[in-house]
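For the sequence shown, my numbering begins at 207 and goes up steadily by one.
Ideal placement from N, C-alpha and C gives every residue a C-beta, glycine not left out.
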Amino acid sequence: MGKSLVIVESPAKARTINKYLGSDYEVMASYGHVRDLVPKEGAVDPSSGFAMKYAPIDKNQKHVDAIAKAARKADALYLATDPDREGEAISWHLVELLRDKGTLDDKPVYRVVFHEITKGAIQEAMNNPRDISEELVNAQQARRALDYLVGFNLSPLLWRKITSGLSAGRVQSPALRMICERETEIEQFEPQEYWSVEADAAKAQQPFMAKLSQLHGEKVRQFTITDETHAQEVDRTLREAARAQPDPARIGPTGDGETEVIGTLRVASVERKQRRRNPAAPFITSTLQQEASRKLGFTASRTMRIAQQLYEGIDVGEGSAVGLITYMRTDSVNLSGEAITEMRQAITDRYGADKLPGQAQVYKTRSKNAQEAHEAIRPTSASRHPDDVRAYLNEEQRKLYDLIWKRAVASQMKHATIHTVAVDLAADADARHLLRATGSTVADPGFMVVYREGNDEGKDDSGEKFLPELEEGEQVDLHAIRAEQHFTEPPPRYTEASLVRALEEYGIGRPSTYASIISTLQNRNYVEMDGKRFIPTDIGRTVNKFLTEHFDRYVDYDFTARLEDDLDAISRGEQDWVPVLEAFWEPFRERVEEKKNVSRQEAVQARELGTDPKTGKPVTVRIGRYGPFAQLGSRDDDEKPRFAGLRPGQSIDTITLDEALQLFKLPRDMGETDEGEDVQVSIGRFGPYVRYGKKFVSIPKDEDPYTITKERAHELVREKKQADANRIIHDFGDGIQILRGRYGPYITNGEKNAKVPKDREPDSLTHEECQDLIAKAPARKGRRGGAAKGGRGRSKATS
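Written out as structure tokens, the structure reads:
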């Protein structure tokens, strides 16, 4: 009897599973995806029921061939790829390839799914196989077809209308819109002034703070006090009222070095409450990414990479690798009964029975499609405390496992009990001026002994604020009244955590897509990072502006979310995938055809800054082939317009007329070299440079072409000439030279390069020999694979 063949996605997973299954099974890895759409137009054919043309992925072909060879000998094939739509599709694609190769014949093919790589989970899955889910495969095919149709139709339009190298994506573009809209909010934000009034008080020399809550019998709101004059008036009112309170003997210097008492406040009311704080649900993909970003500073992609390692298995001293966490791509907050039982036992053993609720905590999943992944992200064994495995994990793995373990275990612990007290302090006899002091104490920390959720700054919401024991009617000392000026602040830029949360709230994308969305935005240079926050680049804002103006429906948040819901419905078998694609394709195709007529000028709308006072010509900014640039003059002028690229940190949306005019101070004339060559400083496609004659030398990054001195420019030229002289082995005077290069000596005529024969010394070659070697040399290739053009010219930004 032959072996059964088991296929997983990664070699690490294969090694772990192989140790659990024994000698009757051979476990092999597909190394991820094995087949994808052909990378050219026509891969999805809407006119033929959205027929999709697939081709094997070259880099994984050798792994597929190895699997096919093993499949010929195997008695059965078990497909154990990841338990989501993508994993289902990988299994389906692999079976299609194997059938094309004729290696399956009538062999049984089983799909097995497990959410943790432990011996028990794997054995249970192998004992309960199923068929490949047509619904899940169709949902993944529909998603891939939509992404293809959007990308292959919108991206070329962006190339023609804006600049090459751009891309648009069904989910990527709404995410970019979020970041751009937030930046616009920030730029348009106008700060509003407001003042707060606080009091420093004390009882029996125990200080506390209170904040003005009522003035002249009216509730104090954020904009009740909006200027310094009013704030000073409130300050005087409160001081006079507090000074007029009974017991004047308390007022004045204390005489013992303590703070002066300027009045008294009467306790008007004391409100005590007890509230419960419940633990957060165990992690799903999005909340893990958010919390790892806040608490650990991990990017979404970094979090998923480390989680993959913990899921696939690590040897923690048990003799073989074991999966430490359950599958990390999930929308479900559900926990299995066995996991809850083990967690409750671990809580009792480690923290005491008093930290255990009477019944297990039950969490409801918000996702409509959460049955696709049956459990939240949790440790495969709650008894495996982070301290127990610390020595076997690297620092990244240790931090993430610690986070996942604590969040999961805390989710099954007792609520925390918080005592809160709110005290109203009257500054006057009629209680028309009130100040409120609040405090809280943790009566029973419950789950908080293990885990507290972080905020967007990565800090735990865990502070305690104490007040002295206060009773209604008693008086306390008033030491100071403080009026403080504030200004409202714009909404913050998105971090990875807050962007993931926003995408999730809108229903845009799915757990497996968030990390790739963020990576694409960065790789396309649509966004930059200011610390940990996203700033849209000029090219990103231009792409977003084009899409929102001409393809508004397809970057609409609600439309994108409804399309995600349709894809989920396909995976549940509630909708057929072809009608969903048809409903999307026809109006989308019509819009693309319509927008092909949009002119480049209309697509990349120029921002008018004003008029140059010297020439009277208009000054505009826009995106060009090589990035954002300023333009002086128009195409209708007799003289050609002048162009200047924007400097780092400048934006077409915020640059002023004066800042733009400064850009046209280049090129700067810097006199002549001793050899009579004109010297100029300017900025080209590859950055700032000094030109001397027809040659160039780059200006170092830390030096400014607008302020560099004549002496420094000539120094750079001399250094470059010296470096070039050291490179020249022989110059024949007609353009042919023998030079020292990075990889050794070579011959050049400026257009073609030839190698120096290994058996010859470079300086022994004759002019005729060099001419012959140059003639036989292949044409030098340019950056895009074509023949290189002669010269090393630098071009200014053009429209």
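Distance, Gly737 Cα to Thr505 Cα: 12 angstroms
Where do the ends of the alpha helix (DSSP H) carrying Gln267 lie? Following the DSSP letters along the chain, one finds Gln267 inside the alpha helix (DSSP H) bounded by residues 267-279.
Just to confirm my understanding: we take Gly371, look at its own chain, exclude 5 residues before and 5 after, and list those with CB closer than 6 angstroms. What are they? none
To which residues of the same chain is Asp744 closer than 8 angstroms at the C-beta, ignoring the five residues directly before and after it? Ile829, Gly833, Pro834, Leu852, Ser857, Ile858, Asp859
What residues in its chain sit with their C-beta under 7 angstroms from that of Leu342, if we drop five residues either side in the sequence? Arg291, Glu294, Ser777
With Ile392 as the anchor, note down where its beta strand (DSSP E) starts and where it stops. Premise fails: Ile392 lies in the alpha helix (DSSP H), 378-394, not in any beta strand (DSSP E).
Is the Cβ of Ser840 closer than 8 angstroms to any Cβ of chain D? Note that chain D does not occur in the displayed structure, where there is just one protein chain.
Whole beta strand (DSSP E) elements within the segment 817-890, 3-residue minimum: 824-830, 833-838, 848-851, 874-878, 884-890
Whole-angstrom distance between Tyr400 and Gln411, CA atom to CA atom: For Gln411 and Tyr400, the distance between alpha carbons rounds to 31 angstroms.
Taking only three categories from DSSP, how would you classify Arg221? helix
Three-state secondary structure assigned by DSSP to Val315: In this structure, Val315 counts as strand in the three-state DSSP scheme.
Please confirm if the segment 525-544 is in contact with the segment 477-497, defined as three or more CB-CB distances below 8 angstroms between the two stretches. yes
Under the rule that 16 or more other beta-carbon atoms within 10 Å means buried, what is Gly679, buried or exposed? exposed
If contact is defined by three or more beta carbon pairs under 8 angstroms, each pair taking one atom from either stretch, is the segment 421-435 in contact with the segment 380-389? no
Are the segment 724-739 and the segment 681-690 touching, with three or more C-beta to C-beta distances below 8 angstroms? no
Assess contact between the segment 622-634 and the segment 442-449, defined as three or more Cβ pairs (one per stretch) separated by less than 8 angstroms. Is contact present? yes
Going by CA-CA distance only, name the one from Gln603, Asp608, Val319, Tyr912 that's closest to Leu285. Minimum Cα distance to Leu285 is reached at Val319.
Could you tell me which of Val885, Asp311, Glu322, Pro906 sits nearest to Phe892, measuring between CA atoms? It is Pro906.
Unbroken beta strand (DSSP E) runs of length 3 or more, entirely within the segment 609-668: which are they? 622-632, 640-650
Does Val244 pass the burial test, meaning 16 or more other C-beta atoms within 10 Å, or should it be called exposed? exposed
Where do the N-terminal and C-terminal ends of the beta strand (DSSP E) with Phe358 fall, by residue? Run containing Phe358: none in the beta strand (DSSP E); it sits in the alpha helix (DSSP H), 340-367.
Using DSSP with H/G/I as helix, E/B as strand and the rest coil, what is Tyr898? strand
When we look at the beta-carbon of Pro413 and count the other beta-carbons within 10 Å, is it buried (16 or more) or exposed? Per the 10 Å Cβ criterion, exposed.
Going by Cα to Cα distance, which pick from Glu695, Lys612, Asp630, Asp758 is closest to Met654? Lys612
Kindly confirm or deny that the segment 508-516 and the segment 552-562 touch, where touching means at least three C-beta pairs closer than 8 angstroms. Taking a cut-off of 8 angstroms on C-beta distances, the segment 508-516 does not touch the segment 552-562, as fewer than three cross pairs fall below it.
Could you pull the start and end residues of the alpha helix (DSSP H) that Thr493 belongs to? 491-497
Please determine, among Arg966, Glu967, Leu979, Tyr760, the residue with the shortest C-alpha to C-alpha distance to Asn955. Of the residues Arg966, Glu967, Leu979, Tyr760, the one whose Cα lies closest to the Cα of Asn955 is Leu979.
Reduced DSSP secondary structure (H/G/I, E/B, other) of Tyr732: Here Tyr732 sits in coil by DSSP.
Among Arg221, Arg658, Lys268, whose alpha-carbon lies nearest the alpha-carbon of Ile323? Arg221
In three-state DSSP terms, what is Arg986? coil
Can you list, in chain order, the residues of its chain with a C-beta nearer than 6 angstroms to that of Glu663? Leave out the 5 residues immediately preceding and following it. Because the pLDDT at Glu663 is just 49, under 50, the model does not fix this residue reliably, and the point stays unresolved.
Are Gly746 and Val733 touching if we call contact CB-CB under 8 angstroms? yes
Using a 10 Å radius around the Cβ and a threshold of 16 neighbouring Cβ atoms, would you call Asp608 buried or exposed? buried
Is the beta carbon of Lys751 less than 8 angstroms from the beta carbon of Leu363? no
Close beta carbons around Leu773, own chain, < 7 angstroms, minus the five adjacent residues each side: Same-chain partners within the cutoff: Ala345, Ala348, Arg349.
N- and C-terminal bounds of the beta strand (DSSP E) containing Ile935: 934-937
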